[in-house]
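Residue numbers (our numbering): 26 to 359. Working notes, beginning with the structure itself.
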């Protein structure tokens, strides 16, 4: 048994489709059972999520805790659990539509507990589960490229690396309290915000490529667009709250969209502007299709010829529109 205790927080809302797989993956961790606990925080689910969780609670007792989150969104739910889980000195989190590899906790804790105290957390890499949807696989592939994931935590790593932000992290609880926990007004982007506050306070974050989480992506174009729109919106709101949190790459998609629209309007007056616009669009689509051909040949999945360019378009447009609109908002809760 470890001298440390981990509370693994799973903040959920309407996750009946995946919550059982998530719980089973956490129950089956190759980690001493007396050294961690699963903590589900439910944000007023309208489906069978809590029913499934309660079934497992009846089998495993105090190994699984369930709290109810009246504010519904993840930042508030995670803070609630962190404050209530007094026994733990380490906090991990994972989403309800994820499956943790059996050595996930061990790989995270081995690195964190052998790191200097200025390492606030160690995070994971994301892969697609074997039963991922077709669109989900395409999203996973674009997130593995700089064109689809520059400036994010999705770029795959091959070795232990210091990063700006990282998903599915094992944190030192003390560090979380020092920076004021999650920003509860953030309905999205709470991870990026928290990790920025940690870095600003002088902490470091690591990603361990041996800590793997299988993450179910969005299944429909509409869901993926909304996700990317909210990502863009969040980045703009965070940029107002923490001006130094954003880098040039975060502005690039929206600036590109503005440039394209500007050339479209200029084309009405200046014919050469249309030629320039056509060249930019042609170059962009060539890049998308070259990427789709690469993955199609590599994995022998010719559906990528359509799904990967479509995923890129939805991602870039959704993020860009959200980012532009986000600068007109003062925050998520107004």
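All C-beta atoms in this analysis are idealised placements derived from N, C-alpha and C, irrespective of residue type, glycine included. In this text the structure is predicted, and so the values were computed from the model without any measurement.
Secondary structure at residue 251: helix, using DSSP grouped into helix, strand and coil. Residue pairing for residue 237: DSSP places it in a beta bridge opposite 150. For residue 148, the closest alpha carbon among the candidates 331, 248, 136, 273 is that of 136. As the crow flies, the alpha-carbon of residue 163 is around 10 Å from that of residue 244.
Separation of the CB atoms of residue 190 and residue 233 is rounded to 14 Å, and the pair is thereby denied contact status at 8 Å. In the three-state DSSP reduction, residue 87 falls in the helix class (H, G or I). Note that the C-beta distance between residue 146 and residue 258 is not below 8 Å. In the DSSP assignment, residue 197 falls within the beta strand (DSSP E) that extends over 195 to 197. Comparing alpha carbon positions, the residue from 333, 77, 351 closest to residue 165 is 333. Less than 8 Å separates the beta-carbon of residue 65 from that of residue 35. Leaving aside the five residues that flank residue 131 on each side, the residues in its chain whose CB is nearer than 6 Å to its CB run, in chain order, 55, 56.
Of all C-beta pairs linking the segment 238 to 254 to the segment 327 to 345, three or more are shorter than 8 Å, placing the two stretches in contact. In terms of Cβ geometry, residue 46 and residue 107 do not form a close pair [threshold 8 Å].
Taking 8 Å as the cut-off, the Cβ atoms of residue 117 and residue 209 do not count as close. Here residue 72 is near residue 39, since their CB atoms are less than 8 Å apart.
Around the beta carbon of residue 327, fewer than 16 other beta carbons lie within 10 angstroms, which makes this residue exposed. Residue pairing by DSSP places residue 229 opposite 144 in a beta bridge. Distance check between residue 283 and each of 185, 349, 195, 152 places 349 closest, using alpha-carbon atoms only. Residue 216 and residue 85 have their C-alpha atoms roughly 29 Å apart. Of the residues 267, 42, 60, the one whose Cα lies closest to the Cα of residue 31 is 60. Counting the other CB atoms within 10 Å of its CB gives residue 187 a total below 16, which places it among the exposed residues.
With 16 or more neighbouring CB atoms inside 10 Å of its own CB, residue 154 falls in the buried class. The closest CA to that of residue 41, considering only 211, 87, 92, 122, is found on 122. For residue 32, the enclosing beta strand (DSSP E) has its first and last residue at 31 to 37. Taking all protein chains in view, the Cβ of residue 79 is surrounded by fewer than 16 other Cβ atoms within 10 Å, so the residue is classified as exposed. If the five residues before and after residue 69 are omitted, its C-beta is found closer than 8 Å to the C-beta atoms of 38, 93, 94, 95, 97, all from its own chain and listed in chain order. With respect to residue 314, residue 320 sits apart: the two C-beta atoms are not nearer than 8 Å. Non-local beta-carbon contacts of residue 267 in its own chain, meaning distances under 7 Å to residues more than five positions away in sequence, involve 221 in chain order.
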